[in-house]
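Remarks on the structure that follows.
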């Protein structure tokens, strides 16, 4: 595994309305690593994502993508190296936008293209669609897709941009159990691709932690609780502290389950 850092957050703080939402966050993602960010509701996960993707400036500290540092670089260009898949993105895409156009728009980090993409981009988009097992959606429009299909299209769109880091913000939210497992199986497959970006899955469900995840980052009350290799930090004790309740972690075939002890 390469040791070069492609994402680095150092002593970052974020204050809004007098409230300290993130406090002294330091974190580094190296090339080839796949992370899961765990934390209860309100712990600051979304704010952390916003700092990394440049949608919010850190009140203090430093956020760096590759060799570029927020505040010293054009973050619109830097942002093209970090992909974000989030449900909020779906509200900005016009219902009548063709699926292939949605995917192709990822190359330049744009939405709702004014002009049809080139034949080359459409061919590449169709290839990603086929890889996702969704070739049947080739002629579909965005507005008629199911939630699970939309998530897959957004992943294809992100892969179209060839990001170095791909952040998945609650990617299974709104999916039924079958759709969730199908989606997670595809993410496992993507992680094996030679050109796969480093994946960062943000969730509060340990059941969504895939075998390919190598590292865990736990966030509680806006501060880092613990971070490191999955085998070292993911256990019943740390999760009990994270969620403020006694829980038991179990594992089967590389997947996890959590039981709350009443």
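In my numbering, the protein residues as written are 713 to 974. Ideal Cβ placement from N, Cα and C applies to all residues, glycine included. Computed from a predicted structure; not experimentally measured.
Quiz item: Exposed or buried, what is residue 739 when buried is set at 16 or more other beta-carbons lying within 10 Å of its beta-carbon?
Solution: buried
Practice problem: Would you identify the three-state DSSP class for residue 813, choosing helix, strand or coil? | Solution: helix
Quiz item: Is the beta carbon of residue 932 sitting closer than 8 Å to the one on residue 755?
Solution: yes
Quiz item: For residue 814, which residues from the same chain have a beta carbon less than 7 Å from its beta carbon, with the 5 sequence-adjacent residues on both sides left out?
Solution: 805, 854, 865 and 869
Quiz item: Taking the Cβ atom as the reference point for each residue, do residue 938 and residue 764 lie within a distance shorter than 8 Å?
Solution: no
Quiz item: With a CB to CB cut of under 8 Å and the five nearest residues on each side skipped, what residues in its chain are close to residue 753?
Solution: 916
Practice problem: Tell me where the alpha helix (DSSP H) around residue 955 begins and ends. | Solution: 948-955
Quiz item: Over what stretch of residues does the alpha helix (DSSP H) that includes residue 726 continue unbroken?
Solution: No alpha helix (DSSP H) holds residue 726; the beta strand (DSSP E) holding it covers 717-728.
Exercise. Note down, in chain order, each residue of its chain lying with its Cβ closer than 7 Å to the Cβ of residue 715, except the 5 sequence neighbours on either side.
Key: Residue placement at residue 715 is flagged as unreliable, the pLDDT there being 47, under the threshold of 50; the coordinate-derived value follows with that caveat. So the list reads 742, once near-sequence residues are dropped.
Quiz item: Sorted by chain position, which residues of the same chain lie with C-beta nearer than 8 Å to residue 919's C-beta, five sequence neighbours on each side aside?
Solution: 967, 968, 969 and 970
Quiz item: In three-state DSSP terms, what is residue 893?
Solution: helix
Self-check item: Buried/exposed call for residue 907, threshold 16 Cβ in 10 Å
Solution: exposed
Practice problem: Assign residue 713 to one of two classes, buried (16 or more other C-beta atoms within 10 Å of its C-beta) or exposed (fewer than that). | Solution: Here residue 713 scores only 38 on pLDDT, less than 50, and its place in the model should not be relied on; the value that follows carries that caveat. It is exposed - the Cβ of residue 713 has fewer than 16 other Cβ atoms within 10 Å.
Quiz item: From this set, 796, 935 and 726, which residue's C-alpha is nearest residue 768's C-alpha?
Solution: 726
Practice problem: From the DSSP output, in three-state form, read off residue 942 for me. | Solution: helix
Quiz item: With a Cβ-Cβ cutoff of 8 Å, do residue 889 and residue 863 count as a contact?
Solution: no
Exercise. Check whether the Cβ atoms of residue 905 and residue 844 sit closer than 8 Å, and answer yes or no.
Key: no
Quiz item: Quick one: what does DSSP say residue 780 is sitting in, helix, strand or coil?
Solution: strand
Practice problem: Sort 960, 781, 945 and 935 by Cα distance to residue 733 and report the nearest one. | Solution: 935
Exercise. Per DSSP, which residues does residue 968 bridge with? Please list them.
Key: 963
Quiz item: Could you give the distance in angstroms between the alpha-carbon of residue 965 and the alpha-carbon of residue 783?
Solution: 44 Å
Quiz prompt | Contacts around residue 952, its chain only, beta-carbon distance under 8 Å, and the 5 residues preceding and following it disregarded | solution = 958 and 959
Quiz item: Between the C-alpha atoms of residue 800 and residue 948, what's the straight-line distance to the nearest angstrom?
Solution: 32 Å
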